[in-house]
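Visitor: Handing you this structure, nothing more for now.
There are 4 protein chains.
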Amino acid sequence: MTQSEKRATQPGVEDVALIVGGGPGVSASCARRFAENGMRVGIAARNPEKPVLLTLEKTHSVRRYACDASEPTAVDQLFQNVVRDLGAPTLVVHNIDGRVLEIFRKGIIEADPIIAFDTLRNSAFSAFLVGQQAARLMRENKPNANGAKGTIIFTNASAALKGFPSSGAFAMACHAKSGLAQSMARELMPQGIHVANVPIDAAIGWTQEDGTRAHGRAGTTVDDNMADPDRIAETYLQLHRQHRSTWAFEIVLRPWVERW
Amino acid sequence: MTQSEKRATQPGVEDVALIVGGGPGVSASCARRFAENGMRVGIAARNPEKPVLLTLEKTHSVRRYACDASEPTAVDQLFQNVVRDLGAPTLVVHNIDGRVLEIFRKGIIEADPIIAFDTLRNSAFSAFLVGQQAARLMRENKPNANGAKGTIIFTNASAALKGFPSSGAFAMACHAKSGLAQSMARELMPQGIHVANVPIDAAIGWTQEDGTRAHGRAGTTVDDNMADPDRIAETYLQLHRQHRSTWAFEIVLRPWVERW
Amino acid sequence: MTQSEKRATQPGVEDVALIVGGGPGVSASCARRFAENGMRVGIAARNPEKPVLLTLEKTHSVRRYACDASEPTAVDQLFQNVVRDLGAPTLVVHNIDGRVLEIFRKGIIEADPIIAFDTLRNSAFSAFLVGQQAARLMRENKPNANGAKGTIIFTNASAALKGFPSSGAFAMACHAKSGLAQSMARELMPQGIHVANVPIDAAIGWTQEDGTRAHGRAGTTVDDNMADPDRIAETYLQLHRQHRSTWAFEIVLRPWVERW
Amino acid sequence: MTQSEKRATQPGVEDVALIVGGGPGVSASCARRFAENGMRVGIAARNPEKPVLLTLEKTHSVRRYACDASEPTAVDQLFQNVVRDLGAPTLVVHNIDGRVLEIFRKGIIEADPIIAFDTLRNSAFSAFLVGQQAARLMRENKPNANGAKGTIIFTNASAALKGFPSSGAFAMACHAKSGLAQSMARELMPQGIHVANVPIDAAIGWTQEDGTRAHGRAGTTVDDNMADPDRIAETYLQLHRQHRSTWAFEIVLRPWVERW
Chain A
188 MTQSEKRATQ PGVEDVALIV GGGPGVSASC ARRFAENGMR VGIAARNPEK PVLLTLEKTH
248 SVRRYACDAS EPTAVDQLFQ NVVRDLGAPT LVVHNIDGRV LEIFRKGIIE ADPIIAFDTL
308 RNSAFSAFLV GQQAARLMRE NKPNANGAKG TIIFTNASAA LKGFPSSGAF AMACHAKSGL
368 AQSMARELMP QGIHVANVPI DAAIGWTQED GTRAHGRAGT TVDDNMADPD RIAETYLQLH
428 RQHRSTWAFE IVLRPWVERW
Chain B
188 MTQSEKRATQ PGVEDVALIV GGGPGVSASC ARRFAENGMR VGIAARNPEK PVLLTLEKTH
248 SVRRYACDAS EPTAVDQLFQ NVVRDLGAPT LVVHNIDGRV LEIFRKGIIE ADPIIAFDTL
308 RNSAFSAFLV GQQAARLMRE NKPNANGAKG TIIFTNASAA LKGFPSSGAF AMACHAKSGL
368 AQSMARELMP QGIHVANVPI DAAIGWTQED GTRAHGRAGT TVDDNMADPD RIAETYLQLH
428 RQHRSTWAFE IVLRPWVERW
Chain C
188 MTQSEKRATQ PGVEDVALIV GGGPGVSASC ARRFAENGMR VGIAARNPEK PVLLTLEKTH
248 SVRRYACDAS EPTAVDQLFQ NVVRDLGAPT LVVHNIDGRV LEIFRKGIIE ADPIIAFDTL
308 RNSAFSAFLV GQQAARLMRE NKPNANGAKG TIIFTNASAA LKGFPSSGAF AMACHAKSGL
368 AQSMARELMP QGIHVANVPI DAAIGWTQED GTRAHGRAGT TVDDNMADPD RIAETYLQLH
428 RQHRSTWAFE IVLRPWVERW
Chain D
188 MTQSEKRATQ PGVEDVALIV GGGPGVSASC ARRFAENGMR VGIAARNPEK PVLLTLEKTH
248 SVRRYACDAS EPTAVDQLFQ NVVRDLGAPT LVVHNIDGRV LEIFRKGIIE ADPIIAFDTL
308 RNSAFSAFLV GQQAARLMRE NKPNANGAKG TIIFTNASAA LKGFPSSGAF AMACHAKSGL
368 AQSMARELMP QGIHVANVPI DAAIGWTQED GTRAHGRAGT TVDDNMADPD RIAETYLQLH
428 RQHRSTWAFE IVLRPWVERW
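Chains as they are written, first to last, in the working numbering: chain A, 188 to 447; chain B, 188 to 447; chain C, 188 to 447; chain D, 188 to 447.
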């Protein structure tokens with residue numbers, strides 16, 4: 188009997204979490220945190236063989252899925268597989284920002300239209316596909332003790348709040364994701380599905396395998412002037428556990444010293 | 188040895204909460220919740236003899252203070268008294284909306300200027316006074332394990348997000364409170380003081396002495412289409428416990444069925 | 188027969204503009220611009236003997252009124268006098284920001300509560316009083332060719348859009364003015380009264396008597412990196428002339444080089 | 188000598204306007220209005236043989252272009268053709284909302300992903316392409332008397348301000364367009380290019396060939412509870428003529444009776 192099978196038969200363990208987008212930051216923190224709180228957890232990534240995902244499989248029985256989340260059929264298949272393996276999801280996190288180094292900080296004139304288009308597809312359109320499948324399945328869930336059939340969380344960026352200069356494509360994608368999240372919240376919350384948009388107004392740091400702290404930019408040491416992904420995961424868990432009498436739609440998280 | 192004295196000598200109990208504005212809804216829920224989590228709690232109200240406050244004193248050792256929070260000297264004195272009785276506050280909640288029935292839903296032409304002025308003073312100006320004294324004291328606190336010297340929370344209303352017709356005075360007051368909160372957040376968060384603005388986009392219901400649920404409007408029975416003040420208090424506690432690497436400034440809470 | 192009498196009898200000249208708050212910047216530009224477009228113009232100021240107002244009286248037949256706009260009876264009297272002298276206003280501009288040097292850029296702890304309170308009263312509460320009287324009179328106007336019974340414009344500042352650090356009182360006042368304007372717009376626009384909020388996101392410069400350009404800060408030479416009050420007046424005139432099929436509520440004006 | 192040739196040689200006529208998206212509403216009103224103010228005007232549409240465009244060619248010498256504005260090479264070619272025929276544009280209006288009837292008012296679960304994707308591409312991505320080419324050319328223009336090298340206006344919808352239920356794809360597209368416009372404004376305004384976002388919070392009505400008024404929904408008679416596209420064109424002209432000392436970025440236009 189595998190650990191996963193034991194879990195599935197354990198009474199009272201009902202939550203199934205799916206995290207779409209798999210990296211060592213927010214996704215890994217969420218996977219760990221959700222698993223430690225008794226959820227069955229899946230992570231979908233283009234490349235499910237990333238070391239961090241292999242580790243999560245070992246340490247937290249996280250199920251790995253290969254998925255290009257910007258492909259309708261692939262996302263459809265992903266959710267079918269998750270239902271088969273883990274059950275219908277009650278918590279889905281879309282954690283893809285689609286930012287591409289080749290276009291970031293490029294002026295509007297210099298930005299490559301093809302990369303701009305891919306940014307929009309990888310971030311906003313994949314959010315649409317993931318949100319759609321999550322809503323389709325959650326609608327059939329029974330409400331839990333908080334009156335919720337499920338929670339859909341979109342990780343977003345400060346570019347969702349403000350279109351910064353020389354990042355038009357990323358501003359489009361993040362704004363689009365906010366617009367989608369708002370529309371879905373207004374539609375689905377009265378149906379018992381909690382939808383949340385969480386712009387992280389900061390660079391994100393995380394703890395590396397060797398115990399040092401790192402973030403996306405090359406090799407910089409981090410302290411608490413960056414957003415700690417474990418704390419972000421904590422907020423996601425709180426959102427998932429909110430009673431439907433007081434749901435938050437949007438929470439912007441930023442470090443104390445961030446200028447805004 | 189009273190329960191309060193036992194608390195005061197208990198090692199590790201460091202949090203002192205002050206709630207300004209005292210009613211049976213959010214204030215009472217906060218007082219209970221904070222006390223149950225080991226905080227020493229004070230509540231200030233114009234009339235500290237309200238039954239709900241007397242009950243809180245008995246059941247949760249909540250200290251009661253008489254204070255007109257729109258009077259500078261009274262607020263100054265309040266904070267002196269709290270420091271003397273409970274210690275320097277680490278969590279201050281401003282929970283006065285100043286809404287006056289005589290002016291609510293009155294058109295701009297019919298609204299009495301004197302009442303409009305009082306609304307502004309009782310809500311926004313009292314928030315300024317309370318925020319100022321809280322900041323003054325918290326600045327001297329040592330950071331806790333989350334890097335925070337203290338948390339200041341402003342309870343607000345949907346009128347902070349949108350100026351509804353026929354409620355100009357209330358829209359002024361709520362918007363003013365938001366503007367103050369934002370300014371204080373940008374100034375104080377880099378100094379280690381967490382400032383949050385929490386518009387409740389809903390009517391608020393609560394459990395009455397007789398076990399039935401009620402809300403501000405006459406006698407209506409409530410269910411979860413109203414904001415549950417116990418859940419609001421839960422969010423406040425979560426805000427207070429956020430690590431400074433990921434502070435939320437604004438959280439709008441609304442019931443699942445609320446239109447927005 | 189005075190110039191004013193000639194004007195009053197001139198057919199087709201129907202517009203009566205009242206500008207509350209009288210200085211050499213936006214108010215003077217509005218007065219000139221409105222008069223040059225055939226309006227009868229009044230300006231109210233605490234001190235109606237300011238040189239700029241005396242000049243406007245001579246050059247543009249602008250009527251001067253003494254008024255403390257934060258006093259209900261004074262504002263009531265002002266509008267009575269304007270009706271008597273010029274006719275019922277069709278365009279009212281509230282142009283008082285109430286910013287006080289003693290409190291500006293003061294941290295929340297250092298800010299004097301009395302001055303904070305005065306800021307709120309002089310700016311937001313006077314806006315309420317002026318807006319109320321304007322609405323009361325305009326409601327009785329006949330719609331003009333654009334379907335409008337009148338236009339009420341609130342000059343505002345960038346602090347209405349963002350609460351900057353160390354300016355809590357000003358943030359309160361500007362946000363309050365926005366909240367009021369929004370509430371009035373939602374209430375009055377369906378009654379044919381156009382309400383607009385115009386945050387100027389910039390320092391304002393103007394042409395001095397000697398032909399040089401100046402702005403509020405001591406003696407600095409300005410060029411077009413500051414907002415030109417003549418251009419602001421132009422936007423106000425355009426707002427006043429919008430057809431009610433396409434009314435703008437809020438227009439933020441900022442110079443091309445402003446950071447936001 | 189054609190009328191267009193006469194125009195081209197007329198001294199002082201410098202403005203070249205390009206409208207991308209060609210229908211009988213805002214685009215036609217803009218074309219007429221801009222031409223009547225002395226501009227050389229081009230309109231690009233997927234189908235440039237629409238009756239309204241043929242009429243505009245005859246009555247206002249408007250140049251017609253076939254262009255799928257969601258194709259990078261097509262947009263590149265369009266701008267080359269406009270430069271060749273009319274000169275470098277000084278005013279570019281992106282007037283495509285990409286709304287598709289098959290998806291509008293469809294719930295998130297029912298919406299066809301392919302149509303959602305097309306909405307995003309036709310609206311937001313085409314805005315990127317058009318904005319990019321406009322910026323590239325305008326950067327080389329000489330500043331006019333108002334200090335502007337050119338104006339780029341994005342027509343937008345209320346879905347840019349609020350994600351309505353059951354219109355996730357349209358909310359994505361409109362929010363994306365706002366994010367792009369904001370980013371471009373922050374980048375290009377300091378370079379002398381005015382960028383504006385104009386959400387029309389209303390249905391749009393227009394005058395049909397037979398003199399009756401119509402709007403997008405089948406056959407309904409309109410009066411001034413709909414946005415008049417001639418008035419929208421008026422606002423665009425005002426935006427184009429603003430001095431760079433006081434540029435507006437966003438103007439929401441809504442009819443007086445619209446609820447918001």
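Here a beta-carbon is modelled for each residue, glycine too, at the ideal position from N, C-alpha and C.
Does the Cβ of Gln429(D) have 16 or more other Cβ atoms within 10 Å, making it buried, or fewer, making it exposed?
Guide: By the neighbour-count rule (16 or more Cβ atoms within 10 Å), Gln429(D) is buried.
Visitor: Is it buried or exposed for Glu236(B), if we count other Cβ within 10 angstroms and need 16 for buried?
Guide: Exposed, because fewer than 16 other Cβ atoms sit within 10 Å of the Cβ of Glu236(B).
Visitor: Output needed in chain order: residues of the stretch 237 to 268 of chain B with a Cβ under 7 Å from some Cβ in chain C.
Guide: The residues in question are Pro259.
Visitor: Between the C-alpha atoms of Ser257(B) and Pro300(D), what's the straight-line distance to the nearest angstrom?
Guide: Between Ser257(B) and Pro300(D), the C-alpha separation is close to 55 Å.
Visitor: Between the Cα of Phe221(A) and the Cα atoms of Trp434(A), Arg441(A), Trp443(A), Thr422(A), which residue gives the shortest distance?
Guide: The option with the nearest alpha carbon to Phe221(A) is Thr422(A).
Visitor: Inspect the beta-carbon positions of Met238(D) and Glu374(A) and report whether they are closer than 7 Å.
Guide: The residue you asked about is not Met; residue 238(D) is Pro in the sequence shown. No.
Visitor: Give a yes or no on contact between the stretch 274 to 287 of chain C and the stretch 334 to 344 of chain B, applying the rule of three or more CB pairs nearer than 8 Å.
Guide: Output reads no: the stretch 334 to 344 of chain B does not touch the stretch 274 to 287 of chain C.
Visitor: Tell me Gly229(C)'s beta-bridge partners as DSSP assigns them.
Guide: Paired residues: Leu205(C), Arg250(C).
Visitor: If you reduce the DSSP assignment to three classes, tell me which class Leu278(A) lands in.
Guide: Three-state result, Leu278(A): strand.
Visitor: Within 6 Å: the Cβ of Ala218(A) and any heavy atom of the ligand SAM?
Guide: By its list of ligands, the structure shown contains no ligand whatsoever, and the ligand SAM lies outside what it can speak to.
Visitor: Based on Cα-Cα distance, which residue from Ile391(D), Asn412(D), Trp393(D), His381(D) lies nearest to His427(D)?
Guide: Residue His381(D) is the option with its Cα nearest to His427(D).
Visitor: What's the call for Asp397(C), buried or exposed, on a 16-neighbour Cβ count within 10 Å?
Guide: Asp397(C) is exposed by the Cβ-count criterion.
Visitor: So which residues on chain B does Lys349(C) lean against when the C-beta distance must stay under 8 Å?
Guide: Within 8 Å Cβ-Cβ: Gln369.
Visitor: Val213(B) and Pro416(B) - do their beta-carbons sit closer together than 7 Å?
Guide: Cβ distance < 7 Å, so Pro416(B) and Val213(B) count as in contact.
Visitor: Out of Ala414(B), Glu437(B), Trp447(B), Leu424(B), state which residue places its alpha-carbon closest to the alpha-carbon of Arg431(A).
Guide: Ranking the options by Cα distance to Arg431(A), first place goes to Ala414(B).
Visitor: List the residues that DSSP assigns as beta-bridge partners of Glu289(C).
Guide: Bridge partners of Glu289(C): none, in fact.
Visitor: Would Pro271(A) and His247(A) be called neighbours here (beta carbons separated by less than 7 Å)?
Guide: Going by the sequence as given, residue 271(A) is Arg instead of Pro. Cβ atoms of Arg271(A) and His247(A): not closer than 7 Å.
Visitor: Name the chain B residues whose beta carbon is nearer than 7 Å to that of His362(A)?
Guide: Those within 7 Å of His362(A) in chain B number zero; the least Cβ separation is about 18 Å.
Visitor: On the three-pair Cβ rule with 8 Å, is the stretch 359 to 370 of chain B touching the stretch 358 to 366 of chain C?
Guide: Taking 8 Å as the limit for Cβ pairs, the verdict is that the stretch 358 to 366 of chain C does touch the stretch 359 to 370 of chain B.
Visitor: CB-CB under 6 Å to Arg308(A), same chain, minus the five flanking residues each way: which ones, in chain order?
Guide: Excluding residues within five positions, the ones whose Cβ falls inside 6 Å are Ser257.
Visitor: Which word fits Asn343(C), buried or exposed, when buried means at least 16 other C-beta atoms lie within 10 angstroms of its C-beta?
Guide: Buried, since its Cβ has 16 or more Cβ neighbours within 10 Å.
Visitor: Output the residue ranges of the beta strand (DSSP E) runs that lie fully inside the stretch 347 to 374 of chain B and measure 3 residues or longer, sorted by chain position.
Guide: Segments of the beta strand (DSSP E) lying fully in the stretch 347 to 374 of chain B: there are none.
Visitor: From which residue to which residue does the beta strand (DSSP E) around Phe436(B) run?
Guide: From DSSP, the beta strand (DSSP E) with Phe436(B) extends over 434 to 441.
Visitor: Name the chain D residues whose beta carbon is nearer than 7 Å to that of Ile295(C)?
Guide: In chain order: nothing, as chain D lies at least about 29 Å away.
Visitor: Give me the DSSP bridge partner(s) of Phe341(C).
Guide: DSSP, once it has assigned bridges, lists His281(C), Asn384(C) as partnering Phe341(C).
Visitor: Under a three-way DSSP split, which group does Ala218(C) fall into?
Guide: Ala218(C): helix per DSSP, three-state reduction.
Visitor: Let me confirm a value: Phe436(C) is counted as buried when at least 16 other C-beta atoms fall within 10 Å, else exposed. Which label applies?
Guide: The residue is buried, with at least 16 neighbouring Cβ atoms inside 10 Å.
Visitor: Just checking: is the beta-carbon of Lys193(A) within a distance shorter than 7 Å of some beta-carbon in chain D?
Guide: Reliability of the predicted coordinates at Lys193(A) is poor, the pLDDT of 44 falling under 50, and no value is obtained from them.
Visitor: Is Ser345(C) close to chain B, meaning its C-beta is less than 7 Å from at least one C-beta of that chain?
Guide: No - not a single Cβ of chain B is within 7 Å of the one on Ser345(C).
Visitor: Closer than 8 Å by C-beta to Trp447(C): which residues in its own chain qualify, once you throw out the five before and the five after it? Chain order, please.
Guide: Excluding residues within five positions, the ones whose Cβ falls inside 8 Å are Ser345, Asp388, Arg441.
Visitor: Enumerate in chain order the residues of its own chain whose CB-to-CB distance from Ala420(A) is below 6 Å, with the five nearest sequence positions on each side excluded.
Guide: Ser216, Cys217, Arg220.
Visitor: How would you list, in chain order, the residues of chain D whose beta-carbon sits under 7 Å from the beta-carbon of Ala358(A)?
Guide: Result: Gly366, Leu367, Gln369, Ser370.
Visitor: Output needed for Trp434(D): all residues of its chain with C-beta closer than 7 Å, excluding positions within five of it in sequence on either side, in chain order.
Guide: Excluding sequence neighbours, Trp434(D) sits near Met376, His381.
Visitor: State yes or no: is the beta carbon of Thr407(B) nearer than 7 Å to at least one beta carbon in chain A?
Guide: Since pLDDT at Thr407(B) reaches only 43, below the 50 mark, its modelled position is unreliable, and the value read off the structure follows with that caveat. By this cut-off, Thr407(B) is not an interface position.
Visitor: Check the DSSP bridge columns for Ala414(B) and list the partner residues they point to.
Guide: Ala414(B) is bridged to Ile391(B).
Visitor: Is Arg323(D) close to chain A, meaning its C-beta is less than 7 Å from at least one C-beta of that chain?
Guide: Chain A, which has a Cβ nearer than 7 Å to the Cβ of Arg323(D), makes this yes.
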